[in-house]
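Have a look at the structure below, then the notes.
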Amino acid sequence: MKVRYSYLQEQFHDQAIDEIFVEIRKLIKTGEFTLGPQVKDFEGRFARLIGTRYAIGVASGTDALKLSLKAIGVGPGDEVITAANTFIATAGAIAELGARVVFVDCNENYVMDVSKVEAAITHKTKAIMPVHFTGEPVDMDRLRSITEHRGQWLVEDACQSILANYKGKNCGTMSIAAGFSLHPLKNLNVWSDGGMIVTDDQEMDQKLRLLRNHGLADRDTIECFGYNSRLDSIQAIVGNWLIGQAEEITAKRRSNAKYYDNGLADLGRHVVLPPRREEALSCFHLYMFMVPAVMRNELVHWLNQVGIEAKVHYPIPLYRQKGLKHLGYPAGTFPVADDQANRVVSLPVDQHVTREQQDYVLNSIADFFKKKGHREW
Ligand SMILES: *Cc1c(COP(=O)(O)O)cnc(C)c1O
Numbered sequence: 614m615k616v617r618y619s620y621l622q623e624q625f626h627d628q629a630i631d632e633i634f635v636e637i638r639k640l641i642k643t644g645e646f647t648l649g650p651q652v653k654d655f656e657g658r659f660a661r662l663i664g665t666r667y668a669i670g671v672a673s674g675t676d677a678l679k680l681s682l683k684a685i686g687v688g689p690g691d692e693v694i695t696a697a698n699t700f701i702a703t704a705g706a707i708a709e710l711g712a713r714v715v716f717v718d719c720n721e722n723y724v725m726d727v728s729k730v731e732a733a734i735t736h737k738t739k740a741i742m743p744v745h746f747t748g749e750p751v752d753m754d755r756l757r758s759i760t761e762h763r764g765q766w767l768v769e770d771a772c773q774s775i776l777a778n779y780k781g782k783n784c785g786t787m788s789i790a791a792g793f794s795l796h797p798l799k800n801l802n803v804w805s806d807g808g809m810i811v812t813d814d815q816e817m818d819q820k821l822r823l824l825r826n827h828g829l830a831d832r833d834t835i836e837c838f839g840y841n842s843r844l845d846s847i848q849a850i851v852g853n854w855l856i857g858q859a860e861e862i863t864a865k866r867r868s869n870a871k872y873y874d875n876g877l878a879d880l881g882r883h884v885v886l887p888p889r890r891e892e893a894l895s896c897f898h899l900y901m902f903m904v905p906a907v908m909r910n911e912l913v914h915w916l917n918q919v920g921i922e923a924k925v926h927y928p929i930p931l932y933r934q935k936g937l938k939h940l941g942y943p944a945g946t947f948p949v950a951d952d953q954a955n956r957v958v959s960l961p962v963d964q965h966v967t968r969e970q971q972d973y974v975l976n977s978i979a980d981f982f983k984k985k986g987h988r989e990w
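So the sequence shown is numbered by this note's numbering: it starts at 614 and just counts up by one.
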């Protein structure tokens with residue numbers, strides 16, 4: 614049996630393509646390829662889905678983070694604190710503005726360990742960017758209690774966390790602005806790059822609309838330097854087609870995750886699941902669990918060999934990457950992120966994975982342990 618990681622061909626089935634093409638054909642007839650009515654429509658739907666007053670379409674998730682930081686004034690000389698384990702784009706967005714990336718270690722949920730944030734704050738800390746990594750909400754209440762009396766901005770990296778929920782609030786609604794990604798690998802995805810910023814703040818909304826479009830208030834009025842970072846009308850059409858399914862997609866991912874949780878719990882002490890917290894509901898962009906470091910690569914290899922596209926997010930923490938050496942973190946600075954990098958495995962958990970496929974995945978993992986013999990470890 615094959616259990617593929619990418620489900621895009623199932624999601625964008627022939628009928629879906631036909632429906633989307635009808636709308637694209639209409640767009641071509643109007644020629645409004647940039648910031649057309651489709652973008653406005655999609656922004657409205659996105660804001661309603663997340664529960665914010667505003668949503669601003671941009672060219673990518675990375676730009677959503679970068680423009681949000683730019684709008685609150687992050688620049689050279691500033692420091693921005695984020696999590697040691699995240700996709701490179703989080704750190705990249707901070708670095709692109711000339712600010713310094715400051716990492717803090719992760720917790721057992723693979724996200725920022727908020728108890729370590731206070732020690733990382735200096736007089737240069739302008740903002741903190743929690744990442745709801747894998748779709749797991751960061752402890753935002755605790756984070757807010759720290760920044761409220763210290764005065765830093767919070768900007769959520771919500772790129773993996775559409776409809777993830779913390780104490781009844783959606784991720785993206787707990788900071789001045791939050792960035793979402795519409796990249797083909799994300800839960801709500803389009804046919805190329807795309808991103809969305811959400812905010813409740815009218816001033817931020819206005820600033821961000823300027824920043825994404827060269828600082829242009831209108832064709833002849835330049836308010837500030839900005840970027841060319843608009844969401845394509847074509848991508849907004851795809852987003853509009855899919856967004857009605859967002860709740861259903863999330864529910865299916867949660868149900869699949871629960872099924873894996875139950876199945877993996879039977880496999881013994883070698884399998885470690887992150888704690889499932891009552892106050893936090895992941896949207897399971899990624900389904901990750903841990904095995905002992907000595908087994909991890911062999912297990913992933915085994916699963917790949919039997920047709921299951923298991924993955925590792927990520928094998929080398931950012932701070933130990935060659936391209937980030939200049940940040941000056943010696944190896945061993947973030948022991949939890951290091952340990953997780955050696956132990957995590959991600960399984961396909963998307964809305965198109967079937968129970969039959971999940972059983973095959975669980976049986977294959979069980980077979981691996983049987984084949985190796987528990988004694989050996
Ligand atoms: C995908 C992702 C981004 C960047 O989004 P793009 O749309 O690819 O630019 C940023 N942060 C995290 C955590 C991501 O997973």
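The C-beta atom is built at its ideal place from N, Cα and C for all residues, glycine as well.
Between residue i and ligand 1, is the CB less than 8 Å from at least one heavy atom?
{"i": "K865", "result": "no"}
{"i": "D770", "result": "yes"}
{"i": "A684", "result": "no"}
{"i": "Q953", "result": "no"}
{"i": "V744", "result": "yes"}
{"i": "G792", "result": "yes"}
{"i": "D726", "result": "no"}
{"i": "G674", "result": "yes"}
{"i": "K924", "result": "no"}
{"i": "Q848", "result": "no"}
{"i": "L678", "result": "yes"}
{"i": "G807", "result": "yes"}
{"i": "L795", "result": "yes"}
{"i": "L798", "result": "yes"}
{"i": "Q773", "result": "yes"}
{"i": "A702", "result": "yes"}
{"i": "A706", "result": "yes"}
{"i": "T995", "result": "Since the first residue shown for the chain is 614 and the last is 990, residue 995 is missing from the structure and cannot be characterised."}
{"i": "T735", "result": "no"}
{"i": "T786", "result": "no"}
{"i": "T699", "result": "yes"}
Would you please state the rounded distance, in angstroms, between the beta carbons of residue i and residue j? I believe it to be under 8 Å.
{"i": "L678", "j": "T703", "result": "7 Å"}
{"i": "L581", "j": "I835", "result": "For the chain, the structure presents residues 614 to 990; residue 581 sits outside this window and is missing."}
{"i": "N929", "j": "A954", "result": "The sequence as given places Ile at residue 929; Asn does not occur at that position. The pair is a contact, with the Cβ atoms about 6 Å apart (cut-off 8 Å)."}
{"i": "G808", "j": "G792", "result": "6 Å"}
{"i": "R867", "j": "F897", "result": "6 Å"}
{"i": "M903", "j": "V885", "result": "4 Å"}
{"i": "E632", "j": "H965", "result": "Between H965 and E632 the Cβ distance is about 18 Å, and since that is not below 8 Å, they are no contact."}
{"i": "V851", "j": "I663", "result": "V851 to I663, Cβ: 18 Å. No contact."}
{"i": "P750", "j": "A732", "result": "Incorrect: roughly 22 Å between the Cβ atoms, too far for contact."}
{"i": "L940", "j": "V652", "result": "Incorrect: roughly 36 Å between the Cβ atoms, too far for contact."}
{"i": "W915", "j": "F981", "result": "5 Å"}
Using only alpha-carbon positions, find the residue among the options that is nearest to residue i.
{"i": "K985", "options": "Q970, L894, S794 and V907", "result": "V907"}
{"i": "K615", "options": "E731, E636 and A923", "result": "A923"}
{"i": "K865", "options": "K642, R658 and V962", "result": "V962"}
{"i": "K729", "options": "H736, D833 and I759", "result": "I759"}
{"i": "Q848", "options": "Y973, E911 and S794", "result": "S794"}
{"i": "M901", "options": "Y723, N976, D833 and H762", "result": "Y723"}
{"i": "S774", "options": "R755, I789, E761 and P743", "result": "P743"}
{"i": "T647", "options": "I663, G670, R666 and F625", "result": "G670"}
{"i": "P650", "options": "E636, L662 and Q628", "result": "E636"}
{"i": "I1064", "options": "L756, L916, E749 and G748", "result": "This structure cannot settle anything about residue 1064, because the visible part of the chain is limited to 614 through 990."}
{"i": "R909", "options": "T967, S619, R956 and H745", "result": "R956"}
{"i": "S959", "options": "L680, M787 and L877", "result": "L877"}
{"i": "L710", "options": "W804, E911, N778 and V693", "result": "V693"}
{"i": "A790", "options": "F982, A629, E816 and V974", "result": "E816"}
{"i": "W854", "options": "A629, Y872 and R617", "result": "A629"}
{"i": "R763", "options": "N778, T747, T738 and L776", "result": "T738"}
Could you tell me whether the Cβ of residue i comes closer than 9 Å to any Cβ of chain D?
{"i": "T863", "result": "Here there is only one protein chain, and chain D is not present."}
Does the count of Cβ pairs from the region 813-822 and the region 872-891 closer than 8 Å reach three? Judged by Cβ distances under 8 Å, the region 813-822 makes no contact with the region 872-891, as fewer than three pairs qualify.
| said: Would the region 882-900 count as touching the region 838-853 if we require 3 or more Cβ pairs under 8 Å? | reply: No, the region 882-900 does not touch the region 838-853.
ask   = Quick one: any contact between the region 665-678 and the region 630-642, if contact means 3 or more CB pairs under 8 Å?
value = Contact between the region 665-678 and the region 630-642 is absent, because fewer than three Cβ pairs lie under 8 Å.
- Can you find at least 3 beta carbon pairs, one from the region 713-726 and one from the region 764-772, that sit closer than 8 Å? Contact between the region 713-726 and the region 764-772 is absent, because fewer than three Cβ pairs lie under 8 Å.
Margin query: Below 8 Å, how does it come out for the region 696-710 and the region 935-951: are there three or more Cβ pairs, yes or no?
Written below: At 8 Å Cβ cutoff, the stretches touch.
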